[in-house]
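Working notes for the structure below.
Number of protein chains: 2
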Amino acid sequence: MTAMLADASTVAQVVVQPAVFEDRSSIRDILLGSDIFGVSDADCVDEMFVETWQKRPVENDSYRWLSCRLDGVMAGFACYGTEALTHNTWDLFWICVLPEARGKGAGRALMMEAEAQARAARGRVMVIYTSSTPKYAPARRLYEGAGFTRTAVVPAYYSEGDDLHIYWKRL
Amino acid sequence: MTAMLADASTVAQVVVQPAVFEDRSSIRDILLGSDIFGVSDADCVDEMFVETWQKRPVENDSYRWLSCRLDGVMAGFACYGTEALTHNTWDLFWICVLPEARGKGAGRALMMEAEAQARAARGRVMVIYTSSTPKYAPARRLYEGAGFTRTAVVPAYYSEGDDLHIYWKRL
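Chains A and B, in that order, give the protein sequences. Just so we're aligned: 29 in our numbering is position 29 of the first sequence, and the numbers increase by one with no gaps anywhere. Just so we're aligned: 181 in our numbering is position 10 of the second sequence, and the numbers increase by one with no gaps anywhere.
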């Protein structure tokens, strides 16, 4: 019983839900506190977030947003949606979890929910675009652990020495 | 001299210039008359075109447009610009020439001007996303002839049996 209590005290409750507009500043804080993304990324995400709410109701080309709370506190988010000009190909545009919340299943829970929603909307394939650099290694491991395969590499895409890796999964 | 006159009568004058807003309907007509693109593509391009003029003056993330005239008549266009969140990677988003105008250097002239402009704006790399299907074979040959290499393939990206091919060139 002691062991169970010890487990219970360290296992956080992970809850993934559709984001609400009030999550906007938390999403920005998560990006800026991620040790991965910077101000230009946070600005890009914020523009996408605001555009999503301006374009309500949800249409086929809308961005979808998920918020993840660990024990009730915002710890991560994901943004996904359909790829323009494709037939039911979905894209996990952004996924980010605060460093102190990593290793607790938040990233995996966000990915699984995005995949489930895409599948429910008749998604065929999901792609993720990411960087080849060392700081994205945990992200790449997350994608690979979720069954994505690296299907393509575009050299020097982000900058010199920073290739684009495209991950791919059939839904 | 006869030979030269014969040449002169069959060689069209190819002029590539920055597009003006009045080219909007011609660009739509070129897409719809292309035997390649459809209404959803024309709608997407038109939205990008209008957005470009709404966002004047040209900023780093603006779309750039080129119109190509053969003997003074609109025969093709290109749309290119920077890739978001990259360091000076450029993208040839759209290039299209009317069927009756093909084989006269219009496509090549549009590509060369887009590349030249990107290079002048310190572009490092240019990418082109295209389809693996037979109707895009002339486009793929155009890109390969201009020195682009197919650097990546994403299976079933556009639809089942229709892969994404990414062409790449160092500027």
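All C-beta atoms, glycine included, are put in the ideal place defined by N, C-alpha and C.
Between A/I30 and A/C96, the CB-CB gap stays under 8 Å.
With a beta-carbon spacing of about 14 Å, A/L66 and A/A101 fall beyond the 8 Å limit used to define contacts.
The Cβ atoms of A/S40 and A/T52 lie no closer than 8 Å to each other. Around the beta carbon of A/S131, a 10 Å sphere encloses 16 or more other beta carbons of the protein chains shown; the residue is thus reported as buried. Contact annotation: in the region 301-332 of chain B, residues whose CB is within less than 8 Å of a CB in chain A are T322, A323, V324, V325, P326, A327, Y328, Y329, S330, E331. By the Cβ-count criterion, B/G209 is exposed, with fewer than 16 other Cβ atoms from all chains shown falling within 10 Å of its own Cβ. Rounded to the nearest angstrom, the Cβ distance from A/Y129 to B/T260 is 12 Å, too far for a contact under 8 Å.
Contact note: A/L85 reaches chain B through S211, D212, C215, Y329, using a C-beta cutoff of 8 Å and chain order. Looking at the backbone, the Cα of A/F21 and that of B/E230 are separated by about 29 Å. Excluding five sequence positions before and after B/K340, the CB atoms of its chain that fall closer than 6 Å to its own CB belong to M297, G318, F319, given in chain order. Residues of the region 76-106 of chain A with a C-beta less than 7 Å from any C-beta of chain B: A84, L85, T86, H87, T89, listed in chain order. Taking CB atoms only, A/V127 has a neighbour in chain B less than 8 Å away. Counting only the Cα atoms, B/L241 lies some 43 Å from A/G123.
For B/D333, the enclosing beta strand (DSSP E) begins and ends at 333-341. For B/W224, no chain A residue has a Cβ inside 8 Å of its Cβ, as the nearest lies near 19 Å away. Between the alpha carbons of A/A75 and B/Y251 lies a distance of about 38 Å. For B/G278, same chain residues with a beta-carbon under 7 Å away, outside a window of 5 residues either side, are G247, I266, V268, L313 in chain order. Put simply, the backbone Cα of A/L110 is about 38 Å away from that of B/I207.
Here the alpha carbons of A/R119 and B/D333 stand approximately 20 Å from one another. Taken in chain order, the whole alpha helix (DSSP H) runs of length 4 or more contained in the region 265-291 of chain B are 277-291.
Sorting B/T322, B/A213, B/A255 by C-alpha distance to the C-alpha of A/V45 places B/A255 at the top. Approximately 6 Å separates the beta-carbon atoms of B/V325 and A/T151; this is inside 8 Å, confirming the contact. Chain A has no Cβ within less than 8 Å of the Cβ of B/I198. Spanning the alpha carbons of B/I198 and B/V221 requires a straight line of approximately 12 Å.
The three-state reading of DSSP puts A/V11 in coil, since its state is none of H, G, I, E or B. As for any beta strand (DSSP E) of minimum length 3 sitting wholly inside the region 202-265 of chain B, the runs are 235-241, 244-253, ordered along the chain. When Cβ-Cβ separations below 8 Å define contact, A/I166 makes contact with chain B.
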